[in-house]
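Undergrad: Can you keep this structure in mind? I'll have questions shortly.
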Amino acid sequence: AQTIHQWPVAEIKAVGSPLSLGCTIKGKSSPNLYWYWQATGGTLQQLFYSITVGQVESVVQLNLSASRPKDDQFILSTEKLLLSHSGFYLCAWLGDQNTLYFGAGTRLSVL
Amino acid sequence: GQQVQQSPASLVLQEGENAELQCNFSTSLNSMQWFYQRPEGSLVSLFYNPSGTKQSGRLTSTTVIKERRSSLHISSSQITDSGTYLCATNTGANTGKLTFGHGTILRVHP
């Protein structure tokens, strides 16, 4: 069975500090991976997607970047956090019949 | 682009009552999913249902493409059903790009 793990569970960071969020999927070869973000009280929106190692497409510009260093790993990062980056970040993979499965998420508070 | 509207925005039930949640979308779609969002934020996939009717336990999803709507029926609600229900659609080549509605917040009281 496939499992998706996100880390950390939660972060409290200062404005201007760097950030790195991670996502690992096990049990699925060459998965399509996605980063989603939900601002407090907002709807979920896709930020990035990756079909293969080393290839990432940006969907929404939020001064964030993403990388796919390994087949099973997807990283979201920035060198300088903004207040507007606060929210809930979810990693997802595409299963059979185009069904999207999400990780448990990382809650980020930028102060 | 695709717009997804969910109704009602919130719903309060007595345990044992049924619920009908609606999702309306503006353009034709490739896929339709219903999710349950736990209070801490994590998502549970309930149904992938781009057309027709699917049932899982007390939950039934019906999507009518030509009417651009999907519904989620919860029968005999339980306190543990409380949370936010989200519908989401995909319309383009990026098959993992879902457009989400704002959700229906369900509260079930004893």
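Top line first, the protein sequences correspond to chains A and B. Everything in the first sequence is counted per the working numbering, starting at 910 for the first residue and increasing by one. Everything in the second sequence is counted per the working numbering, starting at 26 for the first residue and increasing by one. Where is the CB? At the ideal position from N, CA and C, for every residue including glycine.
1. For Leu-54/B, which of Asp-106/B, Val-133/B, Ser-76/B, Thr-105/B has the nearest alpha-carbon?
2. In the structure shown, what three-state DSSP assignment does His-98/B receive?
3. Let me know the secondary structure DSSP gives Lys-91/B once reduced to three states.
4. Grab me the residues of Arg-132/B's own chain with a C-beta within less than 8 Å of its C-beta, minus the 5 sequence neighbours each way, in chain order.
5. Against chain A, with Cβ distances strictly below 8 Å, would Phe-50/B count as a contact?
6. If you measure from the beta carbon of Thr-912/A to each beta carbon in chain B, is any gap under 8 Å?
7. Under the rule that 16 or more other beta-carbon atoms within 10 Å means buried, what is Pro-33/B, buried or exposed?
8. In the structure shown, what three-state DSSP assignment does Asn-43/B receive?
9. For a cutoff of 8 Å on Cβ pairs, would you count Gly-1014/A as touching chain C?
10. DSSP three-state call for His-994/A: helix, strand or coil?
TA: Quick answer:
1. Ser-76/B
2. strand
3. Reduced to three states, the DSSP call for Lys-91/B is helix.
4. Ser-35, Leu-36, Val-37, Leu-38, Ser-107
5. By this cut-off, Phe-50/B is not an interface position.
6. No, Thr-912/A lies away from the interface with chain B (no Cβ there is under 8 Å from its Cβ).
7. exposed
8. coil
9. You won't find chain C in this structure, because its protein chains are A and B.
10. His-994/A sits in a helix when the DSSP states are folded into three classes.
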